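Numbering (my numbering), first residue to last: 1 to 172.
Here it is as structure tokens:
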């Protein structure tokens with residue numbers, strides 16, 4: 001299968017920008033940091049907690065996420081601002097990576113999923129091609145990960161502060 005790959009990881013980094021990202025960078029998965037405290041911030045501070053399958057307590061735990069990350073060597077960290085649709089870019093990029101022969105491709109978005117007015121907890125997801133868990137919902141320390149990659153990220157202290165948003169596509 002590897003012989004059939006025509007696109008490189010750097011091609012996908014450029015593609016993320018073409019899809020609307022402000023920037024993107026290939027990083028080793030060893031520089032994607034997980035911590036249990038991250039989900040606590042979701043549980044006690046986010047209005048989206050328990051609102052969809054992509055948020056805690058339904059999303060993968062930090063331990064499960066670390067185990068998944070350890071099965072990959074490379075990820076594409078996708079950077080955006082308040083005008084960037086990270087939740088739209090990540091599944092599109094993941095799909096293109098998969099179709100290029102990287103069959104293990106998987107994406108993590110940011111923030112709560114808003115594809116449905118109410119999540120379908122009784123049956124299958126109504127948007128499996130678009131819906132991805134948020135990095136933070138899975139215990140990824142977005143601050144440490146973005147900073148290690150050299151991307152900007154700061155605590156937003158007022159509505160006038162610039163906001164940075166991140167998504168991640170695992171590629172192998």
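Think of the CB as a built atom: it goes at the ideal place given N, C-alpha and C, for glycine as much as any other residue.
Since we're looking at a predicted model, the values are computed, not measured.
Over what stretch of residues does the alpha helix (DSSP H) that includes residue i continue unbroken?
{"i": "residue 88", "result": "86-99"}
{"i": "residue 9", "result": "9-18"}
{"i": "residue 145", "result": "142-148"}
Output the boundary residues of the beta strand (DSSP E) element that contains residue i.
{"i": "residue 25", "result": "23-28"}
{"i": "residue 169", "result": "165-171"}
Thinking just about the alpha-carbon of each residue, which of the options is nearest to the one in residue i?
{"i": "residue 159", "options": "128, 82, 53, 41", "result": "82"}
{"i": "residue 128", "options": "139, 108, 140", "result": "108"}
{"i": "residue 42", "options": "67, 141, 18", "result": "141"}
{"i": "residue 14", "options": "105, 155, 126, 96", "result": "96"}
{"i": "residue 149", "options": "9, 118, 23", "result": "23"}
{"i": "residue 73", "options": "123, 26, 17, 146", "result": "26"}
{"i": "residue 121", "options": "103, 104, 69, 58", "result": "58"}
{"i": "residue 35", "options": "155, 69, 154, 171", "result": "69"}
{"i": "residue 171", "options": "98, 62, 119, 139", "result": "98"}
{"i": "residue 12", "options": "118, 93, 30, 156", "result": "93"}
{"i": "residue 30", "options": "10, 62, 75", "result": "75"}
{"i": "residue 103", "options": "37, 161, 71, 156", "result": "71"}
{"i": "residue 40", "options": "139, 168, 16", "result": "139"}
{"i": "residue 37", "options": "118, 63, 168, 18", "result": "63"}
In chain order, what residues of the same chain have a beta carbon less than 6 Å from the beta carbon of residue i, not counting five sequence neighbours either side?
{"i": "residue 144", "result": "33"}
{"i": "residue 106", "result": "170"}
{"i": "residue 65", "result": "34, 138, 139"}
{"i": "residue 7", "result": "100"}
{"i": "residue 60", "result": "138"}
Among the residues of its own chain, which have a CB less than 8 Å from the CB of residue i, if the five just before and after it don't count?
{"i": "residue 165", "result": "79, 80, 81, 82, 84, 86, 110, 111"}
{"i": "residue 146", "result": "77, 79, 152, 153, 164, 166"}
{"i": "residue 55", "result": "42, 46, 48, 49, 112, 113, 133, 134, 137"}
{"i": "residue 9", "result": "26, 74, 76, 171"}
Can you give me the Cβ contacts of residue i inside the same chain, cut-off strictly under 7 Å, excluding the 5 residues immediately before and after it?
{"i": "residue 152", "result": "164"}
{"i": "residue 125", "result": "53, 131"}
{"i": "residue 21", "result": "78, 79, 80, 84, 89"}
{"i": "residue 156", "result": "163"}
{"i": "residue 28", "result": "73, 74"}
{"i": "residue 119", "result": "51, 52, 53"}
{"i": "residue 18", "result": "none"}
Whether or not the stretch 125-142 and the stretch 105-114 are in contact is what I'm after, with contact meaning three or more pairs of Cβ atoms, one per stretch, closer than 8 Å; do they touch? yes
Counting Cβ pairs, one atom from each stretch, are 3 or more of them under 8 Å apart for the stretch 40-54 and the stretch 76-93? no
Entirely within the stretch 38-88 and at least 3 residues each: give me those beta strand (DSSP E) ranges in chain order. Runs found: 74-80.
Which runs of the beta strand (DSSP E) at least 3 residues long sit entirely within the stretch 97-128? Give them in chain order. 106-108
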